[in-house]
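Novice:
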Amino acid sequence: MAVQQTLTVIPPNASLNGKVTPPGSKSITNRALLLAALAKGTSRLSGALKSDDTRHMSNALRQMGVTISEPDDTTFVVTGSGQLQVPEQPLFLGNAGTAVRFLTAAVSTVNGTVVLDGDHYMQKRPIGPLLDALGRAGLDVASPTGCPPVTVRGQGRVQARRFEIDGGLSSQYVSALLMLAACGEEPVDVALTGKDIGARGYVDLTLACMRAFGAQVEEVDETTWRVAATGYTACDYQVEPDASAATYLWAAEALTGGRIDLGVAGEAFTQPDAKALDVIQQFPNMPAVINGSQMQDAIPTLAVLAAFNRTPVRFVELANLRVKECDRVQALHDGLNEIRAGLAAVEGDDLLVAADPALAGSHCNALIDTHSDHRIAMCFALAGLKVSGIRIQDPDCVAKTYPDYWKALASLGVQYAS
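Using my numbering, the first residue of the sequence shown is number 65, and each one after it goes up by one.
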């Protein structure tokens with residue numbers, strides 16, 4: 065087995081100051097790509113993210129007959145016929161959760177069989193609740209393991225009138241059904257089987273994107289949406305910067321006492337992870353308890369920041385983090401304890417960070433196993449701003465959502481050793 069590359073962040077001797085423009089939102093880019101592909105006509109997506117996740121989505125759509133050009137580094141021009149075609153090969157989607165979940169629902173509009181697969185990490189990520197919801201509505205979907213690969217035998221149309229879904233494990237299941245519902249022959253209700261939903265703000269993000277592409281959605285009650293049979297209309301769409309990516313820069317600013325201009329105000333973000341800014345601004349007096357359910361991708365950032373807080377922090381409602389690109393609760397625990405034994409503990413799904421401002425300026429010999437998870441790599445780089453000797457394994461995994469992350473930190477004065 066080849067030895068994985070590592071990168072060591074050298075703690076800067078000064079505060080980080082400068083301007084960094086975060087990449088476009090991965091969550092919004094992949095929603096907009098799919099909706100533009102389902103629309104008839106040409107859409108121009110500006111400010112979009114170009115990364116591994118969006119590449120997997122765009123390549124899969126191309127396999128199904130959608131024309132997609134990329135005139136520059138932040139633009140997709142998408143031309144669809146209003147009907148996805150049967151791909152000649154299985155759709156390989158790497159470890160892109162949004163692509164797998166959204167397309168599993170969307171390809172039921174294809175008149176034929178579609179297989180969706182991913183890498184070995186994706187083949188461990190559950191998709192059973194979404195398959196159950198599709199199956200109960202009469203769609204032909206199958207997965208031997210409850211994880212990818214998934215086989216969908218599409219009928220070329222959506223005859224379902226109602227989808228019921230348990231959204232507790234992932235809001236992406238709910239978003240997948242909502243986006244499919246507008247392709248129905250008649251209005252379709254999408255209903256939660258319980259009130260719990262992971263990161264409900266991402267459903268709001270989905271609804272906003274759907275409406276931009278011409279969908280009509282009525283909120284019947286707090287657990288039910290009624291989606292009209294409008295299909296989608298091509299449009300020009302502006303993707304906002306990625307709030308999850310912004311959290312690393314906000315935290316770097318807080319840790320070093322610097323000033324980083326992102327070119328966009330925190331309150332201008334509509335993504336759920338922007339809620340993390342309020343917590344970051346309280347550093348080094350972060351709250352004693354932080355609920356992670358509605359800003360899941362920001363929790364790794366906040367957990368590393370908490371290590372330098374004045375008082376301990378307990379992170380709660382993290383069950384969803386265990387089914388991300390890796391078990392992030394365990395990965396955060398292990399990485400923090402690599403920096404210093406006893407720095408973190410796990411109780412059920414809670415993560416307890418002991419916190420010690422005296423960590424700043426110390427040295428350790430920590431090898432951070434990122435599990436090829438972009439967020440684990442990026443968050444532990446923050447620890448390297450204050451503690452020397454932190455080695456990040458597989459640093460290139462940041463290409464999943466933020467290919468220029470290391471360049472962005474370097475532009476602020478951060479240096480590295482290999």
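All C-beta atoms, glycine included, are put in the ideal place defined by N, C-alpha and C.
Look at residue 318 and residue 335 and say whether their C-beta atoms are less than 8 Å apart.
Specialist: Your numbering for residue 318 matches position 254 in the sequence shown. Your numbering for residue 335 matches position 271 in the sequence shown. Their beta carbons are not under 8 Å apart, which means residue 318 does not touch residue 335 by this criterion.
Novice: Can you give me the Cβ contacts of residue 100 inside the same chain, cut-off strictly under 6 Å, excluding the 5 residues immediately before and after it?
Specialist: Locating residue 100 in the sequence shown gives position 36, where the first residue counts as 1. Around residue 100: 107 and 142.
Novice: Please identify the residue among 437, 153, 182 and 381 whose C-alpha is closest to the C-alpha of residue 410.
Specialist: In the sequence shown, the residue the question calls residue 410 occupies position 346. Nearest of 437, 153, 182 and 381 to residue 410, Cα basis: 381.
Novice: Look at the alpha carbon of residue 473 and the alpha carbon of residue 465, and state the distance between them as a whole number of angstroms.
Specialist: Here residue 473 refers to the residue found at position 409 of the sequence shown. Here residue 465 refers to the residue found at position 401 of the sequence shown. Looking at the two C-alpha atoms, the distance is approximately 15 Å.
Novice: Which of the three DSSP states is assigned to residue 483 in this structure?
Specialist: Past the boundaries of the shown model lies residue 483; the chain is included only from 65 to 482, so the question cannot be answered.
Novice: Whose C-alpha, out of 69, 331 and 157, is nearest the C-alpha of residue 122?
Specialist: If you number the sequence shown from 1, residue 122 lands on position 58. The shortest Cα separation from residue 122 among 69, 331 and 157 belongs to 157.
Novice: So residue 279 and residue 291 are supposed to be a Cβ contact under 8 Å. How far apart are they, rounded?
Specialist: The residue you call residue 279 lines up with position 215 of the sequence shown. The residue you call residue 291 lines up with position 227 of the sequence shown. Rounded, the Cβ-Cβ distance is 7 Å, consistent with contact.
Novice: Please report the distance separating the alpha-carbon of residue 66 from that of residue 459.
Specialist: Translated into the one-based positions of the sequence shown, residue 66 becomes position 2. Translated into the one-based positions of the sequence shown, residue 459 becomes position 395. Caution is warranted here: a pLDDT of 45 is assigned to residue 66, below 50, making its placement in the model unreliable, and no coordinate value can be reported.
Novice: Quick check on residue 163: buried or exposed, where buried means 16 or more other Cβ atoms within 10 Å of its Cβ?
Specialist: Against the sequence shown, residue 163 aligns to sequence position 99. By the 10 Å Cβ count, residue 163 comes out buried.
Novice: Quick one, which of 449, 187 and 112 has its alpha-carbon nearest residue 322's?
Specialist: Position 258 of the sequence shown, counting from 1, holds the residue named residue 322. Among 449, 187 and 112, the Cα nearest to that of residue 322 is on 449.
Novice: Whose CA, out of 168, 447 and 352, lies closest to the CA of residue 76?
Specialist: The sequence position of residue 76 within the sequence shown is 12, counting from 1. Minimum Cα distance to residue 76 is reached at 447.
Novice: Roughly how many angstroms separate the alpha carbons of residue 310 and residue 86, rounded to a whole number?
Specialist: Locating residue 310 in the sequence shown gives position 246, counting from the first residue. Locating residue 86 in the sequence shown gives position 22, counting from the first residue. Spanning the two alpha carbons is a distance of roughly 6 Å.
Novice: Check residue 145 in the structure and name its three-state DSSP category.
Specialist: Along the sequence shown, one-based indexing puts residue 145 at 81. Residue 145 falls in the strand class under three-state DSSP.
Novice: For residue 476, which residues from the same chain have a beta carbon less than 6 Å from its beta carbon, with the 5 sequence-adjacent residues on both sides left out?
Specialist: To locate residue 476, count along the sequence shown from 1; it is residue 412. Around residue 476: 80 and 82.
Novice: Give the straight-line distance between the Cα atoms of residue 205 and residue 253, rounded to the nearest whole angstrom.
Specialist: Counting from one through the sequence shown, the residue named residue 205 turns up at place 141. Counting from one through the sequence shown, the residue named residue 253 turns up at place 189. Residue 205 and residue 253: Cα-Cα distance of roughly 20 Å.
Novice: Hey, residue 109 and residue 131 are a contact pair by Cβ (cut 8 Å); roughly how many whole angstroms apart?
Specialist: One-based indexing of the sequence shown puts residue 109 at position 45. One-based indexing of the sequence shown puts residue 131 at position 67. At roughly 13 Å, the Cβ-Cβ gap does not stay under 8 Å, so residue 109 and residue 131 are not in contact.
Novice: Starting from residue 135, follow the alpha helix (DSSP H) in both directions and report where the run begins and ends.
Specialist: Residue 135 sits at position 71 when you count from the first residue of the sequence shown. No alpha helix (DSSP H) holds residue 135; the beta strand (DSSP E) holding it covers 131-136.
Novice: Kindly indicate which three-state DSSP category residue 305 falls into: helix, strand or coil?
Specialist: Residue mapping note: residue 305 aligns to position 241 of the sequence shown, counting from 1. Correct three-state label for residue 305: strand.
Novice: Sort out for me which residues DSSP pairs residue 416 with in a bridge.
Specialist: On the sequence shown, position 352 is the one that residue 416 refers to. Residue 416 is bridged to 378 and 409.
Novice: Flag this pair as yes or no: are the beta carbons of residue 174 and residue 218 separated by less than 8 Å?
Specialist: Residue numbering aside, residue 174 sits at position 110 when the sequence shown is read from its first letter. Residue numbering aside, residue 218 sits at position 154 when the sequence shown is read from its first letter. It is a contact, given that the beta carbons lie within the stated cut-off.
Novice: Go ahead and label residue 482 buried or exposed: buried means 16 or more other beta carbons lie within 10 angstroms of its beta carbon, across all protein chains shown.
Specialist: Within the sequence shown, the letter at position 418 stands for residue 482. By the 10 Å Cβ count, residue 482 comes out exposed.
Novice: Taking C-alpha atoms, which residue in 209, 231, 200 and 215 lies nearest to residue 223?
Specialist: Counted from its first residue, the sequence shown places residue 223 at position 159. Answer by Cα proximity: 200.
Novice: Mind checking if residue 398 is an interface residue toward chain D, Cβ cutoff 8 Å exclusive?
Specialist: The question asks about chain D, but that chain is absent: this structure has only one protein chain.
Novice: Which of helix, strand or coil does DSSP assign to residue 74?
Specialist: Counted from its first residue, the sequence shown places residue 74 at position 10. The answer is strand: DSSP assigns residue 74 an E or B state.
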